[in-house]
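Here the sequence shown is numbered in this note's numbering, starting from 34 and rising by one per residue. See structure below.
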Amino acid sequence: MGDLKRRIEALPSPARPGFWRSPLRGVRFTAVLGLVLLAGLTLVFVTGFLSYAAYNPDLAAVNDKTPDKGLLGFYLFAWPTGPHWLYRLTQGVHVTLGIALVPVLLAKLWSVIPRLFALPPVRSAGHALERLSVVLLVGGALFQVVTGVLNVQVEYVFPGSFYRLHFYGAWVFLAGFLAHTVLKLPRAVRVLRAGPGPLGTDELAAPDPAPATLSRRGALAMVGAGSLVLLATSAGRSSDVLRPTALLAPHGVGEPGSGPNGFQINKTAASVGIRTADTGPSWRLTVRGPAGAFRFTRDELLAMALRSAALPIACVEGWSTSDQWWRGVRLRDLAAIAGFPGHPPSVLVESVQRAGSFRRAALRSNQVADARSLLALEVNGEPLTPDHGYPARVIVPAAPGVMNTKWVGSMTFGDL
Ligand SMILES: Nc1nc2c(c(=O)[nH]1)N[C@H]1C(S)=C(S)[C@@H](COP(=O)(O)O)O[C@H]1N2
Ligand SMILES: [Mo]
Numbered sequence: 034m035g036d037l038k039r040r041i042e043a044l045p046s047p048a049r050p051g052f053w054r055s056p057l058r059g060v061r062f063t064a065v066l067g068l069v070l071l072a073g074l075t076l077v078f079v080t081g082f083l084s085y086a087a088y089n090p091d092l093a094a095v096n097d098k099t100p101d102k103g104l105l106g107f108y109l110f111a112w113p114t115g116p117h118w119l120y121r122l123t124q125g126v127h128v129t130l131g132i133a134l135v136p137v138l139l140a141k142l143w144s145v146i147p148r149l150f151a152l153p154p155v156r157s158a159g160h161a162l163e164r165l166s167v168v169l170l171v172g173g174a175l176f177q178v179v180t181g182v183l184n185v186q187v188e189y190v191f192p193g194s195f196y197r198l199h200f201y202g203a204w205v206f207l208a209g210f211l212a213h214t215v216l217k218l219p220r221a222v223r224v225l226r227a228g229p230g231p232l233g234t235d236e237l238a239a240p241d242p243a244p245a246t247l248s249r250r251g252a253l254a255m256v257g258a259g260s261l262v263l264l265a266t267s268a269g270r271s272s273d274v275l276r277p278t279a280l281l282a283p284h285g286v287g288e289p290g291s292g293p294n295g296f297q298i299n300k301t302a303a304s305v306g307i308r309t310a311d312t313g314p315s316w317r318l319t320v321r322g323p324a325g326a327f328r329f330t331r332d333e334l335l336a337m338a339l340r341s342a343a344l345p346i347a348c349v350e351g352w353s354t355s356d357q358w359w360r361g362v363r364l365r366d367l368a369a370i371a372g373f374p375g376h377p378p379s380v381l382v383e384s385v386q387r388a389g390s391f392r393r394a395a396l397r398s399n400q401v402a403d404a405r406s407l408l409a410l411e412v413n414g415e416p417l418t419p420d421h422g423y424p425a426r427v428i429v430p431a432a433p434g435v436m437n438t439k440w441v442g443s444m445t446f447g448d449l
């Protein structure tokens, strides 16, 4: 029996420190990656929560798909309409940086993997809490990366709404991230301050390291190169000029086509079941408000005071266009028709689209009031094409693409 026990103990087990032999592991390597993530992920968190605020989720009846958010929506505010490229910037940073940090995140996880197997799993109450924060951290990070990447690659394989999963996932991840930062940042700073000499203890270094085939500096350079490659092949998602370099962007989405309407399309008319009968000569726009309900043909809308605005489409899925030249009726002029000649209220915009998501959106009063917010009839000097929302679509400065409802059928003005 004693012999068997000895032989079992001699088996290679990841719980034995000697099992992990890479000479790269060590507190310095982990501290560098950790500080990069601290800075980078902070920006990803901030832009992510801004994206949630930009959705007007507290126009609860319509936009909010996260009805139980409660306190987690505490920071919501009226998303501004300027600068007009605001969401293009925040969401471009969120998605591009999120993608570029993936190699750093994986390297960081790899650098501490022996610790995940360390025995005993829990040594004290404090240690138990620390381990719990690591579960939230690692689980949250992987969950957010996987759901985020699937979303920008337009792979909607989620059980339920991506928006809700990614929102709650962000809070779990943030809880783990904050706890981990409080617990580990002092040590990381001390280690890096200590300079290149030998460290007193290096709890992450292999006790029995294998011969080096790559220096720590070389390993960090490889991680950095991986991030740079992802950055270089992702930045083009947010730029018309760089778009051909967006090698990882999903094919068939955000493809410009040609001509004046030749800019990215999120969902084509056919893909959401828009029928020509819905948008043909019998189409009417219904405008509702305290003054009553009014119906307009496209020609009647074209006969109103038409205004222009140069605005981008910036999708939550991480792509955006440069400014397009839209022409149409100001939302605030439509609000006046509906019975709000002074300060306009919010508006519920509904598409003729019958099924699928994004067929309705609520805009805030500040968005309706902005002189650049249009019910667009033309873009770049041509009538809208069916895929860009003919006969009429909303376009609002600084708003997420999803607020810019296409194939609009009705607009109901009044506080939501
Ligand atoms: N009715 C309707 N409007 C919609 C959508 C939709 O699926 N249905 N998609 C929205 C999203 S998510 C975006 S990013 C923009 C894209 O506009 P575009 O296809 O003209 O570029 O349209 C928005 N308006
Ligand atoms: Mo979108």
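Quick reminder that beta carbons are idealized off the backbone N, C-alpha and C, glycines included.
Nearest candidate by alpha-carbon position, reference residue 266, set 62, 178, 280, 105: Ranking the options by Cα distance to residue 266, first place goes to 280.
Contact test: residue 185 Cβ vs ligand 2 heavy atom, cutoff 7 angstroms: Not under cutoff, so the answer is no.
Three-state class that DSSP yields for residue 50 in the structure shown: It is helical.
Contact test: residue 440 Cβ vs ligand 1 heavy atom, cutoff 7 angstroms: Because some heavy atom of ligand 1 lies under 7 angstroms away, the Cβ of residue 440 counts as near it: yes.
Test item, CB below 6 angstroms from any non-hydrogen atom of ligand 2: In chain order, the hits are 299, 348, 349, 350, 434, 435.
Where the beta strand (DSSP E) through residue 357 begins and ends: It spans 357-363 - the beta strand (DSSP E) in which residue 357 sits, taken as one unbroken run.
Inter-residue CB distance, residue 203 and residue 81 (contact presumed, cutoff 8 angstroms): Confirmed, about 6 angstroms.
Environment of residue 314 [buried if 16+ CB atoms lie within 10 Å]: It counts as exposed.
Residue 446, buried or exposed, once every other Cβ within 10 Å from all chains shown has been counted against 16: Buried, because 16 or more other Cβ atoms sit within 10 Å of the Cβ of residue 446.
C-beta contact flag for residue 358 and residue 442 at 8 angstroms: In this structure, residue 358 lies away from residue 442, with their beta-carbon atoms at least 8 angstroms apart.
Cβ distance (whole Å) where residue 340 is taken to contact residue 417 below 8 angstroms: Contact between residue 340 and residue 417 is ruled out by a C-beta separation of about 15 angstroms, above the 8 angstroms threshold.
Separation of residue 66 from residue 138, as counted between CA atoms: Using only the alpha carbons, I get a separation of about 8 angstroms.
Near ligand 1: residue 305 beta-carbon under 7 angstroms from a heavy atom: Checking the Cβ of residue 305 against ligand 1 gives yes.
Assumed close pair residue 368, residue 385 - CB separation to whole angstroms, cut-off 8 angstroms: So it is not a contact: roughly 21 angstroms between Cβ atoms.
Residue 384, enclosing beta strand (DSSP E) - first and last residue: Run containing residue 384: 380-384, per the beta strand (DSSP E) assignment.
Alpha-carbon spacing of residue 424 relative to residue 331, whole angstroms: Roughly 7 angstroms between the two C-alpha positions.
Cβ-heavy atom distance, residue 437 to ligand 1, below 7 angstroms: Yes - ligand 1 has a heavy atom lying nearer than 7 angstroms to the Cβ of residue 437.
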